[in-house]
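*Asks:* Questions regarding the structure given below will be posed in turn.
This is the structure in structure tokens:
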């Protein structure tokens, strides 16, 4: 067992240093992430050339998911800031393929650089110093390794009355934690990162490959229920990068039905409930609402992994579309288009007729011969699988016989029912640039035809 000494801590670090009784309830009260979550994660890792040697489960608590990781990896490192949690994990999991260390996510001097195939972080990254944690994680990963980060656990109740009480329990518990915190501002930032979308993990382009997947599950009703009281205003940076791909997915498999006792176990799996002097009266409201009935919940989740079909299929098509655009050859450019794909120039007020695939097949070889040394830089991609569409913001540059070419694009694409083809494209160009460029292009083409 490898152990790193914790030199200092404060109340924020001790939120989940709760002992065996708390973790026993945690294992009961936090419905586990479904198998599909892990299967897709493992598939993503394998499809990107990842090996299944060592996985580091950081901020693992008592290791509720370590046995699933061990089913695929030869070695699982279990780390947590609280030494007692690590001891509990070792007592429950043993030492066959497991090793243990007490350390923060930001501490890894005892782990050899480039020795870890995957870093797995669930329900912990919001506690971290974001830039430092990400640099430490990058240091220990092998080249091409996977960082899988997820936050899930807070339920969304189908009954709005129950959801209202649940939200107020969260807010009241948050106030209690802030009142006792050694560093309230730091804890406010922690809470803010779990509000709505999970806002963690800034990616330094010098350490991480572009187009990281940021997937938000089951957030149609407002996202994660956080304990940050509404009267507290926090100005936390947005950690999603311009090259990251955000996706919003409604996914089955995360819902569960439980009775009053199950709801209580769920609420008590969070560290704030037992700290809140008002919990008793709020819980009485919950008892009055539920009584002996069952209630349906859905876990709101953010995760970094691969996506389910058809979202996964759409993403492959989206990547094919971008690569075809970047490659700047007629066949590559059209490879992702359906036979009935239409390309529309925005704004609609421009009056440019839609182009069919057949028209584009004739037009683009000529355009590609004019625009040489073509470069595409994608700055942002937003993909909405539920609506079968995506938007790409990009800048293109090229050389031309009549001067440098530089254009900005907001490109909207729609996928067909299979997700395997793009069947509609709407594209907004840089109006200022196009106003001067189009007359030159038209004059050049006319001159070539007359020559």
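In full-length UniProt numbering, the protein residues as written are 1 to 451.
Cβ coordinates follow ideal geometry from the N, Cα and C atoms, glycine included.
Quick caveat: nothing in here was measured; it's all calculated off a predicted structure.
Should residue 448 be labelled buried (16 or more other beta-carbon atoms within 10 Å of its own) or exposed?
*Replies:* Classification of residue 448: exposed, given that the 10 Å Cβ count is below 16.
*Asks:* Tell me the rounded alpha-carbon separation between residue 440 and residue 369.
*Replies:* Cα to Cα, the separation comes out at about 15 Å.
*Asks:* Report all residues from its chain with a CB closer than 7 Å to the CB of residue 321; omit the five preceding and five following residues, and keep chain order.
*Replies:* Cβ within range, chain order: 336, 413, 422.
*Asks:* Here's the rule I'm using: 16 or more other beta-carbon atoms within 10 Å means buried, otherwise exposed. How should residue 257 be labelled?
*Replies:* Counting Cβ neighbours within 10 Å, residue 257 comes out exposed, since fewer than 16 surround it.
*Asks:* On a CA-only basis, which of 199, 232, 49 is nearest residue 184? Give me that one, please.
*Replies:* Measuring from the Cα of residue 184, the nearest candidate turns out to be 232.
*Asks:* Can you list, in chain order, the residues of its chain with a C-beta nearer than 6 Å to that of residue 311? Leave out the 5 residues immediately preceding and following it.
*Replies:* Excluding residues within five positions, the ones whose Cβ falls inside 6 Å are 249, 385.
*Asks:* Apply the 10 Å Cβ neighbour rule to residue 193 and answer buried if 16 or more other Cβ atoms are within range, or exposed otherwise.
*Replies:* When all chains shown are included, residue 193 counts as buried.
*Asks:* Any heavy atom of the ligand NAD within a distance shorter than 7 Å of the CB on residue 401?
*Replies:* The ligand NAD is not part of the structure shown, which contains no ligands of any sort.
*Asks:* Alpha carbon to alpha carbon, how far is residue 89 from residue 66?
*Replies:* Those two C-alpha atoms are separated by around 9 Å.
*Asks:* Tell me which residues share the same chain as residue 401 and place their Cβ nearer than 8 Å to its Cβ, disregarding the 5 neighbours each side in the sequence.
*Replies:* So the list reads 370, 444, once near-sequence residues are dropped.
*Asks:* Can you check DSSP and say which residues form a bridge with residue 122?
*Replies:* According to DSSP, residue 122 bridges with 150.
*Asks:* Do residue 224 and residue 262 count as a contact pair if the criterion is CB distance below 8 Å?
*Replies:* No; because the gap between Cβ atoms is not below 8 Å, this pair is not in contact.
*Asks:* Give a yes or no on contact between the region 141-158 and the region 106-115, applying the rule of three or more CB pairs nearer than 8 Å.
*Replies:* The region 141-158 vs the region 106-115: in contact.
*Asks:* Is there contact between the region 274-281 and the region 150-157, where contact requires at least three CB pairs shorter than 8 Å?
*Replies:* Segments in contact, no.
*Asks:* Please tell me whether residue 118 and residue 45 are closer than 8 Å, where the distance is taken between their beta carbons.
*Replies:* Against a cut-off of 8 Å, the Cβ pair of residue 45 and residue 118 comes out as a contact.
*Asks:* For residue 399, does the three-state DSSP call read helix, strand or coil?
*Replies:* Correct three-state label for residue 399: strand.
*Asks:* What does the alpha-carbon distance come out to for the pair residue 131 and residue 252?
*Replies:* Rounded to whole angstroms, residue 131 to residue 252 spans 33 Å at the Cα level.
*Asks:* Determine contact between the region 354-363 and the region 375-393, defined as no fewer than three beta-carbon pairs at a distance below 8 Å.
*Replies:* No, the region 354-363 is not in contact with the region 375-393.
*Asks:* Buried or exposed for residue 61, going by 16 or more other Cβ atoms inside 10 Å?
*Replies:* With 16 or more Cβ atoms within 10 Å of its Cβ, residue 61 is classed as buried.
*Asks:* Out of 344, 105, 236, which has the shortest C-alpha to C-alpha gap to residue 458?
*Replies:* Given a span of 1 to 451 for the chain in the structure shown, any question on residue 458 remains unanswerable.
*Asks:* Residue 74 and residue 53 look like a contact to me (Cβ under 8 Å); what is the Cβ gap, rounded to whole Å?
*Replies:* Contact flag correct, Cβ pair sits at about 5 Å.
*Asks:* Specify, as a first and last residue, the run of the beta strand (DSSP E) that residue 424 falls within.
*Replies:* Run containing residue 424: 422-429, per the beta strand (DSSP E) assignment.
*Asks:* With 16 other CB atoms within 10 Å as the buried threshold, where does residue 307 fall?
*Replies:* Summary for residue 307: the model assigns pLDDT 36, below 50, so the residue's position carries little reliability; its value from the coordinates is reported in the next sentence. Classification for residue 307: buried.
*Asks:* What separation, rounded to the nearest whole angstrom, lies between the Cα atoms of residue 199 and residue 446?
*Replies:* Distance between the alpha carbons of residue 199 and residue 446 is about 53 Å.
*Asks:* Where do the N-terminal and C-terminal ends of the alpha helix (DSSP H) with residue 452 fall, by residue?
*Replies:* In the structure as shown, the chain begins at 1 and stops at 451. Residue 452 is therefore absent and cannot be evaluated.
*Asks:* Beta-carbon within less than 6 Å of residue 390's beta-carbon, same chain only, minus the 5 sequence neighbours each way: which residues are those?
*Replies:* Closer than 6 Å at Cβ, skipping near neighbours: 318, 383, 413.
*Asks:* Do residue 346 and residue 428 come within 8 Å of each other at the CB atom, strictly closer than that value?
*Replies:* It is a contact, given that the beta carbons lie within the stated cut-off.
*Asks:* Among the residues of its own chain, which have a CB less than 6 Å from the CB of residue 206, if the five just before and after it don't count?
*Replies:* Taken in chain order, the list of residues that qualify is empty.
*Asks:* Pull up the DSSP beta-bridge partners for residue 419, would you.
*Replies:* According to DSSP, which records beta bridges pairwise, residue 419 is partnered with nothing at all.
*Asks:* Keeping to the same chain, check which residues put their C-beta closer than 8 Å to that of residue 279; ignore five residues upstream and five downstream.
*Replies:* Here the set comprises 169, 172, 173, 273.
*Asks:* Sorted by chain position, which residues of the same chain lie with C-beta nearer than 7 Å to residue 34's C-beta, five sequence neighbours on each side aside?
*Replies:* Result list for residue 34: 253, 254, in chain order.
*Asks:* Taking just the CA atoms, how far does residue 51 sit from residue 71?
*Replies:* Taking the straight line joining both Cα atoms gives about 14 Å.
*Asks:* Starting from the C-beta of residue 408, find all residues in its chain whose C-beta is less than 6 Å away, skip the five residues before and the five after it, and write them out in chain order.
*Replies:* Cβ within range, chain order: 395, 430.
*Asks:* Can you give, in chain order, each stretch of the beta strand (DSSP E) that sits fully within the region 48-119 and has at least 3 residues?
*Replies:* Those beta strand (DSSP E) runs which fall completely within the region 48-119 and span 3+ residues are 54-58, 75-80, 98-102.
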